[in-house]
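Visitor: Next up is a structure, given as structure tokens.
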Ligand SMILES: [Zn+2]
């Protein structure tokens, strides 16, 4: 309990920085006040809510707002009286616009308190999936070295094109500037520009990092370093493939950047960043250094917006190179049963595992992608790009 209280205090302090909603407290409410202070627990500040997390009603999405307040206080939610049960309160609330501020206020012997949060309504939500592939560089080196007649003479792009032909899948390939063995993007010819253009409805290129090594290149880097590397790759993509094939970054290498990098990334067109939001040795990792509270939330939900930057974070649902064929359905199916995970499938893998020369080559990698994409297709998920519309859905 002590630990919880400390966490909650950090949460409320973070509120002052705009991270977790806003708490306004009356003068008499601080020390010695029995029971918890006022706070909204559900929905979560920054939640992205869709039809599965409420009830669709005329002109809106009806959700439940709930939280904690001193037991004797009168609580309102945006001016409407909430129901009380002990130290909890709850109220129905209808979201009727894209972004809504929800304010809970309590009034009692301890004075007046208020807690405000903001949430998004994914109004036109529909089941959808995106597929992004990280750590790309070998296929570019291969094409440049072999001077193929077509991009799709490279087995890797050929395999992706077959999946696109079967399922309509859209792929974003997150690329490096260099393979660090002499190949750099400026060596990639622009003579395939027509082919890139002809396939840009399903095949896009995005910045991922300057190179595969060092690990976690942007975890402690100045945002200016990240943006300079991004710009260098973006310039090359536009040169050799054309602006229509360029996608803003969707995953930064290792999923770690400094918090101060988020706004500059938004200014470069980033709208969604995917990560694992999982614990490693008890510490939240591959989480873009989001705070523990938000990382834990994202571990259980499809998406969360960071209002400070405007970037939506998405939790990766499957990593195909790590998931044997027989584990694919057991990985995906439970997600469809969970309203917080069912709407958006964030599908993901890494390029290097396709290549026989790679130490950890996965010979059935394409079969894994096929099984993954076939399953989401058969379950009604539509292929999208995250950087188009809102999380790939209509706006
Ligand atoms: Zn990476």
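In this note's numbering, the protein residues as written are 1377 to 1771. By construction, the Cβ of each residue, glycine as well, lies at the ideal position given by its N, Cα and C atoms.
Which whole-angstrom value is the C-beta distance of residue 1602 and residue 1633, which I expect to be below 8 Å?
Guide: For the purposes of this step, residue 1602 is taken as the residue at position 226 of the chain shown. For the purposes of this step, residue 1633 is taken as the residue at position 257 of the chain shown. Confirmed, Cβ separation roughly 6 Å.
Visitor: From residue 1594 to residue 1469, what does the alpha carbon distance come to, in whole angstroms?
Guide: Within the chain shown, numbered from 1, the residue matching residue 1594 stands at position 218. Within the chain shown, numbered from 1, the residue matching residue 1469 stands at position 93. Roughly 41 Å between the two C-alpha positions.
Visitor: So if I measure from each beta-carbon to every heavy atom of ligand 1 and keep distances below 5 Å, which residues remain?
Guide: Ordered along the chain, the selected set is 1510, 1511 and 1629.
Visitor: What I want to know is whether the C-beta of residue 1713 ends up closer than 6 Å to one or more non-hydrogen atoms of ligand 3.
Guide: Although ligand 3 was asked about, the structure shown includes only ligand 1 as ligands.
Visitor: Sort 1563, 1605 and 1750 by Cα distance to residue 1641 and report the nearest one.
Guide: Taking the chain shown and counting its residues from 1, the one referred to as residue 1641 is at position 265. Answer by Cα proximity: 1605.
Visitor: Return the residue from the list 1554, 1590, 1540 and 1562 that minimises the CA-CA distance to residue 1575.
Guide: The sequence position of residue 1575 within the chain shown is 199, counting from 1. Among 1554, 1590, 1540 and 1562, the Cα nearest to that of residue 1575 belongs to 1540.
Visitor: List the residues that DSSP assigns as beta-bridge partners of residue 1726.
Guide: The residue given as residue 1726 occupies position 350 in the chain shown. DSSP lists 1510 as partners of residue 1726.
Visitor: Need the endpoints of the alpha helix (DSSP H) that residue 1361 sits in, please.
Guide: Residue 1361 lies beyond the range of the chain shown here (1377 to 1771); nothing can be said about it.
Visitor: Could you pull the DSSP bridge partners for residue 1759 from this structure?
Guide: Taking the chain shown and counting its residues from 1, the one referred to as residue 1759 is at position 383. Paired residue(s): 1505.
Visitor: For residue 1420, name the three-state secondary structure that DSSP assigns.
Guide: The residue given as residue 1420 occupies position 44 in the chain shown. Residue 1420: coil per DSSP, three-state reduction.
Visitor: CB-CB under 6 Å to residue 1426, same chain, minus the five flanking residues each way: which ones, in chain order?
Guide: To locate residue 1426, count along the chain shown from 1; it is residue 50. Taken in chain order, the residues that qualify are 1498, 1501 and 1719.
Visitor: Taking just the CA atoms, how far does residue 1712 sit from residue 1706?
Guide: Mapped onto the chain shown, residue 1706 falls at position 330. Mapped onto the chain shown, residue 1712 falls at position 336. Spanning the two alpha carbons is a distance of roughly 11 Å.
Visitor: Do residue 1506 and residue 1715 have their CB atoms nearer than 7 Å?
Guide: Translated into the one-based positions of the chain shown, residue 1506 becomes position 130. Translated into the one-based positions of the chain shown, residue 1715 becomes position 339. Not in contact: residue 1506 and residue 1715 (Cβ atoms no closer than 7 Å).
Visitor: Is the segment 1516-1533 in contact with the segment 1445-1459, if contact means three or more CB pairs nearer than 8 Å?
Guide: Contact fails: fewer than three Cβ-Cβ distances are below 8 Å.
Visitor: If I measure Cβ to Cβ from residue 1415 and keep anything under 6 Å in the same chain, skipping five residues before and after, which residues do I get?
Guide: Locating residue 1415 in the chain shown gives position 39, counting from the first residue. Counting only Cβ-Cβ distances below 6 Å, and skipping sequence neighbours, we find 1443, 1444 and 1491.
Visitor: Counting pairs of beta carbons, one from the segment 1534-1551 and one from the segment 1577-1590, are three or more of them closer than 8 Å?
Guide: In short, these stretches touch, since the Cβ pair count reaches three.
Visitor: Return helix, strand or coil for residue 1435, following the three-state DSSP convention.
Guide: Within the chain shown, the letter at position 59 stands for residue 1435. If DSSP states are grouped into helix, strand and coil, residue 1435 belongs with coil.
Visitor: Excluding the five sequence neighbours on either side, which residues of its own chain have a C-beta within less than 7 Å of the C-beta of residue 1484, listed in chain order?
Guide: Taking the chain shown and counting its residues from 1, the one referred to as residue 1484 is at position 108. Correct list, in chain order: 1446, 1448, 1449 and 1450.
Visitor: Is the distance from the Cβ of residue 1515 to the Cβ of residue 1530 below 7 Å?
Guide: If you number the chain shown from 1, residue 1515 lands on position 139. If you number the chain shown from 1, residue 1530 lands on position 154. Result yes, Cβ atoms of residue 1515 and residue 1530 sit closer than 7 Å.
Visitor: On the DSSP letters alone, give me the boundaries of the alpha helix (DSSP H) that residue 1747 sits inside.
Guide: As a working mapping, residue 1747 is identified with position 371 in the chain shown. Element bounds for residue 1747: 1741-1754.
Visitor: Would you list the one or two residues that DSSP bridges to residue 1415?
Guide: Within the chain shown, residue 1415 is the residue found at index 39, counting from 1. DSSP output for residue 1415 lists 1444 as bridge partner(s).
Visitor: For residue 1500, which three-state DSSP category applies?
Guide: Position 124 of the chain shown, counted from the start, is the residue given in the question as residue 1500. Coil, per DSSP.
Visitor: Taking the DSSP output, what are the residues bridged to residue 1469?
Guide: Taking the chain shown and counting its residues from 1, one reaches residue 1469 at position 93. DSSP, once it has assigned bridges, lists 1439 as partnering residue 1469.
Visitor: Measure the CB-CB distance between residue 1696 and residue 1626 and report whether it falls below 7 Å.
Guide: Position 320 of the chain shown, counted from the first residue, corresponds to residue 1696. Position 250 of the chain shown, counted from the first residue, corresponds to residue 1626. No, the Cβ-Cβ distance between residue 1696 and residue 1626 is not below 7 Å.
Visitor: Hey, which unbroken runs of the beta strand (DSSP E) at 3 residues or more fall wholly within the segment 1648-1709?
Guide: The qualifying runs are 1648-1651, 1654-1656, 1659-1661, 1679-1682 and 1687-1691.
Visitor: So what does DSSP say about residue 1584, is it helix, strand or coil?
Guide: Working through the chain shown from its first residue, we reach residue 1584 at position 208. In the structure shown, residue 1584 sits in a strand (DSSP, three-state: E or B).
Visitor: Hey, quick one: how far does the alpha helix (DSSP H) through residue 1766 stretch, first residue to last?
Guide: To locate residue 1766, count along the chain shown from 1; it is residue 390. Looking at the DSSP string, residue 1766 is not in any alpha helix (DSSP H), and its letter there is neither H nor E.
Visitor: What three-state label does DSSP hand residue 1547 in the structure shown?
Guide: For the purposes of this step, residue 1547 is taken as residue 171 along the chain shown, with counting starting at 1. In this structure, residue 1547 counts as strand in the three-state DSSP scheme.
Visitor: Report the residue from 1457, 1441 and 1616 whose alpha carbon sits nearest the alpha carbon of residue 1478.
Guide: As a position in the chain shown, residue 1478 is number 102, starting the count at 1. It is 1441 whose Cα lies nearest to the Cα of residue 1478.
Visitor: Please return the same chain residues whose Cβ sits closer than 8 Å to the Cβ of residue 1473, not counting the five positions on each side in sequence.
Guide: Residue 1473 sits at position 97 when you count from the first residue of the chain shown. Once the five neighbours on either side are set aside, the close Cβ partners of residue 1473 are 1497.
Visitor: For the beta strand (DSSP E) that residue 1482 lies in, which residues bound it at each end?
Guide: Numbered from its first residue, the chain shown carries residue 1482 at position 106. Looking at the DSSP string, the run of the beta strand (DSSP E) that includes residue 1482 is 1475-1484.
Visitor: With DSSP as the reference, label residue 1495 as helix, strand or coil.
Guide: As a working mapping, residue 1495 is identified with position 119 in the chain shown. Residue 1495: strand per DSSP, three-state reduction.
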